[in-house]
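Novice: These protein sequences, in sequence, are chains A and B.
Note that the first sequence ends on residue 409 in the numbering used here; no numbers are left out.
Note that the second sequence ends on residue 1409 in the numbering used here; no numbers are left out.
A single structure is presented below for examination.
There are 2 protein chains.
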Amino acid sequence: MAHFHNVKHTTYYVELIMQQLTDTLMETNATVVRQSFSVKFAYDVYFTTHLFDGKNTLLKDFLHQHKSDTVKKIFFVVDEGVMNHHGYLDEQIRNYFSHETSIALVDEIMVVPGGEAAKNTESLLLKIVDAVDKYSIDRHSYIVAIGGGAVLDLVGYAAAISHRGIRHVRIPTTVLSQDDSAIGVKNGVNYKGKKNFLGTFAPPVAVFNDFYFLTTLTDAEWRSGISEAVKVALIKDAPFFAWLKENATVLAARNMEAMKYLVQRSAALHMEHIASGDPFEMGSSRPLDFGHWSAHKLEQLSGFTVKHGEAVALGIALDSAYSFVSGRLSEDDAKSIVDVLLDLGFSISHPLMEIKDESSPVIKGLEEFREHLGGKLTIMLLSAIGQGEEVHELDIALLQKASAWLGTI
Amino acid sequence: MAHFHNVKHTTYYVELIMQQLTDTLMETNATVVRQSFSVKFAYDVYFTTHLFDGKNTLLKDFLHQHKSDTVKKIFFVVDEGVMNHHGYLDEQIRNYFSHETSIALVDEIMVVPGGEAAKNTESLLLKIVDAVDKYSIDRHSYIVAIGGGAVLDLVGYAAAISHRGIRHVRIPTTVLSQDDSAIGVKNGVNYKGKKNFLGTFAPPVAVFNDFYFLTTLTDAEWRSGISEAVKVALIKDAPFFAWLKENATVLAARNMEAMKYLVQRSAALHMEHIASGDPFEMGSSRPLDFGHWSAHKLEQLSGFTVKHGEAVALGIALDSAYSFVSGRLSEDDAKSIVDVLLDLGFSISHPLMEIKDESSPVIKGLEEFREHLGGKLTIMLLSAIGQGEEVHELDIALLQKASAWLGTI
Ligand SMILES: NC(=O)c1ccc[n+]([C@@H]2O[C@H](COP(=O)([O-])OP(=O)(O)OC[C@H]3O[C@@H](n4cnc5c(N)ncnc54)[C@H](O)[C@@H]3O)[C@@H](O)[C@H]2O)c1
Ligand SMILES: NC(=O)c1ccc[n+]([C@@H]2O[C@H](COP(=O)([O-])OP(=O)(O)OC[C@H]3O[C@@H](n4cnc5c(N)ncnc54)[C@H](O)[C@@H]3O)[C@@H](O)[C@H]2O)c1
Ligand SMILES: [Zn+2]
Ligand SMILES: [Zn+2]
Chain A
1 MAHFHNVKHT TYYVELIMQQ LTDTLMETNA TVVRQSFSVK FAYDVYFTTH LFDGKNTLLK
61 DFLHQHKSDT VKKIFFVVDE GVMNHHGYLD EQIRNYFSHE TSIALVDEIM VVPGGEAAKN
121 TESLLLKIVD AVDKYSIDRH SYIVAIGGGA VLDLVGYAAA ISHRGIRHVR IPTTVLSQDD
181 SAIGVKNGVN YKGKKNFLGT FAPPVAVFND FYFLTTLTDA EWRSGISEAV KVALIKDAPF
241 FAWLKENATV LAARNMEAMK YLVQRSAALH MEHIASGDPF EMGSSRPLDF GHWSAHKLEQ
301 LSGFTVKHGE AVALGIALDS AYSFVSGRLS EDDAKSIVDV LLDLGFSISH PLMEIKDESS
361 PVIKGLEEFR EHLGGKLTIM LLSAIGQGEE VHELDIALLQ KASAWLGTI
Chain B
1001 MAHFHNVKHT TYYVELIMQQ LTDTLMETNA TVVRQSFSVK FAYDVYFTTH LFDGKNTLLK
1061 DFLHQHKSDT VKKIFFVVDE GVMNHHGYLD EQIRNYFSHE TSIALVDEIM VVPGGEAAKN
1121 TESLLLKIVD AVDKYSIDRH SYIVAIGGGA VLDLVGYAAA ISHRGIRHVR IPTTVLSQDD
1181 SAIGVKNGVN YKGKKNFLGT FAPPVAVFND FYFLTTLTDA EWRSGISEAV KVALIKDAPF
1241 FAWLKENATV LAARNMEAMK YLVQRSAALH MEHIASGDPF EMGSSRPLDF GHWSAHKLEQ
1301 LSGFTVKHGE AVALGIALDS AYSFVSGRLS EDDAKSIVDV LLDLGFSISH PLMEIKDESS
1361 PVIKGLEEFR EHLGGKLTIM LLSAIGQGEE VHELDIALLQ KASAWLGTI
């Protein structure tokens, strides 16, 4: 609320109309109006199977919640990797909306390349922005993205900057995007090879997780997203970690019922964290980045041949080992974390992750992480399973010890 | 807050873990987690003279508020039109920061063309984004823009999308940007000739209004921004309108003390509106757009030779006349509004604004405004001076009458 007290209106003499002037302000003969307000964001995250089946009214019900006098447009952008395995989707989406009178499906269902290519190609961003223009998609229309985290990041960014933000619905199709990224508030694209250099904080209006999509992932993609669930369990939820431990083998064997539980629990924990913390990351603490300082560096060092989730598993192993060798965590607990990762099928060592001395390549990730946070270094470690603890520096000798301990397993 | 109740962790059987399931959700066998959180934004708007004078510590004091362990970078982008008249600025800014140890001025002080050209040129946007990369400007650094509304919109947008938002300080240098646009939460650039097609809602971290900049505006620029103050007075603050009426002649004669009052009062009213309303414009009501439906259309019809503020003055005249002929406002009040606009030196008629029948060109502005709002048409009229009233349609016959009445003055 802006504040000012009443002024005489009979003359153009300027009274100092603002309150809360500090002495300094007085000395500099300046005035100030302090502005502050809160913006509320709310969205629902649904979990279902066969979202576009004619009998599944979940999405329609959501769209009908926003009553209006005008017909709302809805524009779909689909990950090519998804379309290749779910070719029926195009027709299914058209059928799904064919009897709707208050919702107009935009005739073009746009297919874009999946994976990091989606975020590396400026022309794809402009293709979506141009479609917004061409089809007169306004701020009360919907742009729906169906795909992996990369396509969601691209489409979410295009939606966020077009007309200062068009309603955006996310339909994540990978484990990582369902159990972590899609329920969050970030989007972005790469610029000149720099990961997520351009982007915004812009919550979706809804997220629909359709488990059926997960059936067509490669084993590596299926596994990869599981490390984010391990991460969030380790810093927040010991019982969930116990569950992961018990179910690691069936998860690795692609048991869908186990995966459904994992996705929902991990998504809910991530959501709870976002809502209770600093959703737009205005501070410089990033608790959900447990295991990530080295993971980011490894992805880059490997030329992105190591997947994010695989790198995170390696990062979790390293930081759990560090938590042990620095006296925070028992050896048994550290061992049990490593065992779960191994049972899930992850590697816990990689030549580029080895720390022999301060010139080991992954060490540079610490400084880059500090720069990324933009303030002082803040690293999450574990003081127990289910219990994170933030520290502001890591000791290179202890990192060596942690790396060596992992080598013994 | 995400909700879920406790689950058994001894098996991978998936319980329906989410609460608040509606019947429909049950039927579709889906679960939902509802997310909601608020993000608080706060920023101070300062009014001063000679901001970069060595003795004026206002900006330094602000920068020192954010204590940190690391040296913060500060990067300046300046409107060429400002630099042409205030050539000392480059040296003054360098001197201002020369003894600072916790703030590092980026060596390049970037100068960009002013006016709409700033928003029409994609390479300018990328030039700023590239500087963010080149100088490693992070989310805890500052990007400061000095200039008119166009340069502020450009730099604000570049800051908002780089690294998902770098701290942005605005130093507006025109009447319009000081009394209206800079204190707001919007930024943007034009795309393929479409005004503000790309942009975001991203509040600045602070705004510093330096009245001295206003001394070098042309008479037309000086006057142009005044119509936004008239606008906000008419819909919100009768005493301020009375003050404007009394001071219209001295304002037109470029009295600086009167202008200081006008800027502060108008800025405070705009700020109060933003904080108490719908800052990120998620609904489809836009009360501060009084007089703007026809103004936007006129700017476009005139190929942007009519300035925004001049067009707004014409739009205010038309919608005040409409408020009178539709029986909301007395003829005396309508007349007094028109008189103030004339005393300020504005035109109240323009060939392209005349409404003779439904084919008159400005009429198309109504439909475009509805599209812009993205829902139903909502137009602000006056039920009294200082009192806005929203309506959802305008009558063409009454618009003709309003236009004709203006012709008699
Ligand atoms: N916005 C955030 O908060 C956030 C958080 C974490 C990660 N991310 C981003 O997410 C991206 C990684 O996402 P990802 O792990 O989901 O992988 P991805 O989007 O890179 O997709 C990997 C591959 O799987 C294919 N694919 C997607 N769904 C499929 C399906 N159902 N069946 C078969 N193939 C399918 C894609 O076409 C692609 O080839 C990265 O760009 C990362 O930066 C964003
Ligand atoms: N973000 C918002 O909420 C918002 C609101 C209203 C208007 N706007 C935008 O603001 C822009 C108009 O801004 P404006 O009216 O400030 O004009 P402007 O930025 O177009 O500048 C007009 C001219 O004045 C010059 N100039 C600026 N300061 C000067 C000074 N002190 N002395 C001499 N010359 C100077 C500029 O170089 C330019 O040539 C439009 O693009 C409009 O869309 C934005
Ligand atoms: Zn991650
Ligand atoms: Zn305006």
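Cβ atoms here follow ideal geometry from the backbone N, Cα and C, with glycine treated the same way.
Note that this is a predicted model, so its numbers are computed, not measured.
Output needed in chain order: residues of the stretch 304-320 of chain A with a Cβ under 7 Å from some Cβ in chain B.
Specialist: none
Novice: Could you name the residues, in chain order, whose CB is less than 6 Å away from a heavy atom belonging to ligand 4?
Specialist: B:1228, B:1292, B:1308 and B:1312
Novice: Do you know whose CA, among A:224, A:180 and A:74, lies nearest residue 166 of chain A's CA?
Specialist: For the purposes of this step, residue 166 of chain A is taken as the residue at position 166 of the first sequence. Cα-wise, what sits closest to residue 166 of chain A is A:74.
Novice: By how many angstroms is the C-alpha of residue 1145 of chain B removed from the C-alpha of residue 1099 of chain B?
Specialist: Numbered from its first residue, the second sequence carries residue 1099 of chain B at position 99. Numbered from its first residue, the second sequence carries residue 1145 of chain B at position 145. About 22 Å.
Novice: Once you ignore the five residues that flank residue 1374 of chain B on each side, which residues in its own chain have a CB closer than 7 Å to its CB?
Specialist: Here the question's residue 1374 of chain B lines up with position 374 in the second sequence. Cβ within range, chain order: 1284.
Novice: Quick one: what's got a C-beta closer than 7 Å to residue 203 of chain A's C-beta in the same chain, skipping five residues either side?
Specialist: Locating residue 203 of chain A in the first sequence gives position 203, where the first residue counts as 1. Excluding sequence neighbours, residue 203 of chain A sits near 41, 43 and 185.
Novice: Strictly under 8 Å for the Cβ-Cβ distance: is residue 299 of chain A near chain B by that measure?
Specialist: Position 299 of the first sequence, counting from 1, holds the residue named residue 299 of chain A. Using beta-carbon distances, residue 299 of chain A does not count as an interface residue toward chain B, since no partner is under 8 Å.
Novice: Does the beta-carbon distance from residue 1299 of chain B to residue 1317 of chain B come in below 8 Å?
Specialist: Within the second sequence, residue 1299 of chain B is the residue found at index 299, counting from 1. Within the second sequence, residue 1317 of chain B is the residue found at index 317, counting from 1. It is not a contact, given that the beta carbons lie outside the stated cut-off.
Novice: Find out if the Cβ-Cβ distance for the pair residue 1162 of chain B, residue 1205 of chain B is shorter than 8 Å.
Specialist: By one-based count along the second sequence, residue 1162 of chain B stands at place 162. By one-based count along the second sequence, residue 1205 of chain B stands at place 205. For residue 1162 of chain B and residue 1205 of chain B, no; Cβs fall outside 8 Å.
Novice: In the DSSP assignment, find the alpha helix (DSSP H) that holds residue 1269 of chain B and state where it starts and stops.
Specialist: Locating residue 1269 of chain B in the second sequence gives position 269, where the first residue counts as 1. DSSP places residue 1269 of chain B inside the alpha helix (DSSP H), whose first and last residues are 1256-1276.
Novice: Let me check one thing: in DSSP terms, what residues is residue 1194 of chain B bridge-paired to?
Specialist: The residue given as residue 1194 of chain B occupies position 194 in the second sequence. Paired residue(s): B:1191.
Novice: Helix, strand or coil for residue 1161 of chain B, going by three-state DSSP, please let me know.
Specialist: Within the second sequence, residue 1161 of chain B is the residue found at index 161, counting from 1. Secondary structure at residue 1161 of chain B: helix, using DSSP grouped into helix, strand and coil.
Novice: Could you name the residues of the stretch 47-63 of chain A whose beta carbon sits closer than 7 Å to any beta carbon of chain B, in the order they occur along the chain?
Specialist: 47, 48, 56, 57, 58 and 61
Novice: Report whether the distance from the Cβ of residue 179 of chain A to the nearest heavy atom of ligand 6 is below 7 Å.
Specialist: This structure lacks ligand 6; the ligands present are ligand 1, ligand 2, ligand 3 and ligand 4.
Novice: What number of angstroms, rounded off, separates the C-alpha of residue 1351 of chain B from the C-alpha of residue 1190 of chain B?
Specialist: Residue mapping note: residue 1351 of chain B aligns to position 351 of the second sequence, counting from 1. Residue mapping note: residue 1190 of chain B aligns to position 190 of the second sequence, counting from 1. Distance between the alpha carbons of residue 1351 of chain B and residue 1190 of chain B is about 27 Å.
Novice: Would you say residue 140 of chain A faces chain B, with C-beta separation under 8 Å as the test?
Specialist: Position 140 of the first sequence, counted from the start, is the residue given in the question as residue 140 of chain A. Chain B contact via Cβ: present.
Novice: Cβ of residue 178 of chain A less than 8 Å from any chain B Cβ?
Specialist: The residue you call residue 178 of chain A lines up with position 178 of the first sequence. Residue contact with chain B for residue 178 of chain A: absent (no Cβ-Cβ distance below 8 Å to any residue of chain B).
Novice: Run the CB neighbour count on residue 1224 of chain B, radius 10 Å, all protein chains shown included, and call it buried at 16 or more, exposed below.
Specialist: As a first step, residue 1224 of chain B must be located in the second sequence, where it is residue number 224. That one is buried.
Novice: Helix, strand or coil for residue 409 of chain A? Go by DSSP, reduced to three states.
Specialist: Position 409 of the first sequence, counting from 1, holds the residue named residue 409 of chain A. In this structure, residue 409 of chain A counts as coil in the three-state DSSP scheme.
Novice: What residues are listed by DSSP as bridge partners for residue 1048 of chain B?
Specialist: What you label residue 1048 of chain B is simply residue 48 of the second sequence in a count that begins at 1. According to DSSP, residue 1048 of chain B bridges with B:1210.
Novice: Assuming contact is defined by CB atoms lying nearer than 8 Å, are residue 365 of chain A and residue 235 of chain A in contact in what I supplied?
Specialist: As a position in the first sequence, residue 365 of chain A is number 365, starting the count at 1. As a position in the first sequence, residue 235 of chain A is number 235, starting the count at 1. For residue 365 of chain A and residue 235 of chain A, no; Cβs fall outside 8 Å.
Novice: Could you spell out the range, first to last residue, of the beta strand (DSSP E) harbouring residue 1168 of chain B?
Specialist: Here residue 1168 of chain B refers to the residue found at position 168 of the second sequence. Here the beta strand (DSSP E) through residue 1168 of chain B covers 1167-1172.
Novice: Closer than 9 Å by beta-carbon distance: list the chain A residues that pair up with residue 1113 of chain B, in chain order.
Specialist: What you label residue 1113 of chain B is simply residue 113 of the second sequence in a count that begins at 1. Neighbours of residue 1113 of chain B on chain A: none; closest Cβ ~22 Å, over 9 Å.
Novice: Would you give the residue range spanned by the beta strand (DSSP E) that residue 78 of chain A belongs to?
Specialist: Walking along the first sequence from the start, residue 78 of chain A turns up at place 78. Its beta strand (DSSP E) spans residues 72-79.
Novice: Answer yes or no: do residue 1392 of chain B and residue 1377 of chain B have a C-beta to C-beta separation smaller than 8 Å?
Specialist: In the second sequence, the residue the question calls residue 1392 of chain B occupies position 392. In the second sequence, the residue the question calls residue 1377 of chain B occupies position 377. Their beta carbons are under 8 Å apart, which means residue 1392 of chain B touches residue 1377 of chain B by this criterion.
Novice: Do residue 1071 of chain B and residue 1103 of chain B come within 8 Å of each other at the CB atom, strictly closer than that value?
Specialist: In the second sequence, the residue the question calls residue 1103 of chain B occupies position 103. In the second sequence, the residue the question calls residue 1071 of chain B occupies position 71. A contact, by the Cβ cut-off of 8 Å.
Novice: Please name the residue, chosen from B:1399, B:1059, B:1131 and B:1199, that lies closest to residue 1280 of chain B on a Cα-to-Cα basis.
Specialist: Here the question's residue 1280 of chain B lines up with position 280 in the second sequence. Taking only the C-alpha atoms, the option nearest residue 1280 of chain B is B:1199.
Novice: Could you pull out every residue in the same chain whose Cβ sits closer than 6 Å to the Cβ of residue 982 of chain B, ignoring the five residues on either side in sequence?
Specialist: Chain B is shown from 1001 up to 1409; residue 982 of chain B falls before or after that span and cannot be answered.
Novice: Along chain A, which residues have their Cβ under 9 Å away from the Cβ of residue 1292 of chain B?
Specialist: Locating residue 1292 of chain B in the second sequence gives position 292, where the first residue counts as 1. Within 9 Å Cβ-Cβ: nothing; residue 1292 of chain B doesn't reach chain A, min ~16 Å.
Novice: Which same chain residues, not among the five before or five after residue 1013 of chain B, have their C-beta less than 7 Å away from its C-beta?
Specialist: If you number the second sequence from 1, residue 1013 of chain B lands on position 13. With a pLDDT of 28 at residue 1013 of chain B, under the threshold of 50, the modelled position of that residue is not reliable, and no figure is offered here.
Novice: Since residue 388 of chain A is in the beta strand (DSSP E), which residue starts that stretch and which ends it?
Specialist: Walking along the first sequence from the start, residue 388 of chain A turns up at place 388. Start and end: 387-391.
Novice: Here's the rule I'm using: 16 or more other beta-carbon atoms within 10 Å means buried, otherwise exposed. How should residue 1101 of chain B be labelled?
Specialist: Locating residue 1101 of chain B in the second sequence gives position 101, where the first residue counts as 1. With fewer than 16 Cβ atoms within 10 Å of its Cβ, residue 1101 of chain B is classed as exposed.
Novice: Considering only C-alpha positions, which residue in the set A:182, A:348 and A:111 is nearest to residue 270 of chain A?
Specialist: For this step, residue 270 of chain A is matched to residue 270 along the first sequence. The shortest C-alpha separation from residue 270 of chain A is found at A:182.
Novice: Restricting to Cα atoms, I'd like to know which of A:304, A:327, A:212 and A:325 is closest to residue 1030 of chain B.
Specialist: Residue 1030 of chain B sits at position 30 when you count from the first residue of the second sequence. If we check each option's Cα against that of residue 1030 of chain B, A:212 comes out closest.
Novice: Hey, is residue 1343 of chain B's beta-carbon within less than 8 Å of any beta-carbon in chain A?
Specialist: On the second sequence, position 343 is the one that residue 1343 of chain B refers to. Taking Cβ atoms only, chain A never reaches closer than 8 Å to residue 1343 of chain B, which makes this a no.
Novice: Using 10 angstroms around the beta-carbon of residue 1085 of chain B, count the other beta-carbons present and answer buried if the total reaches 16, otherwise exposed.
Specialist: Within the second sequence, numbered from 1, the residue matching residue 1085 of chain B stands at position 85. Per the 10 Å Cβ criterion, exposed.
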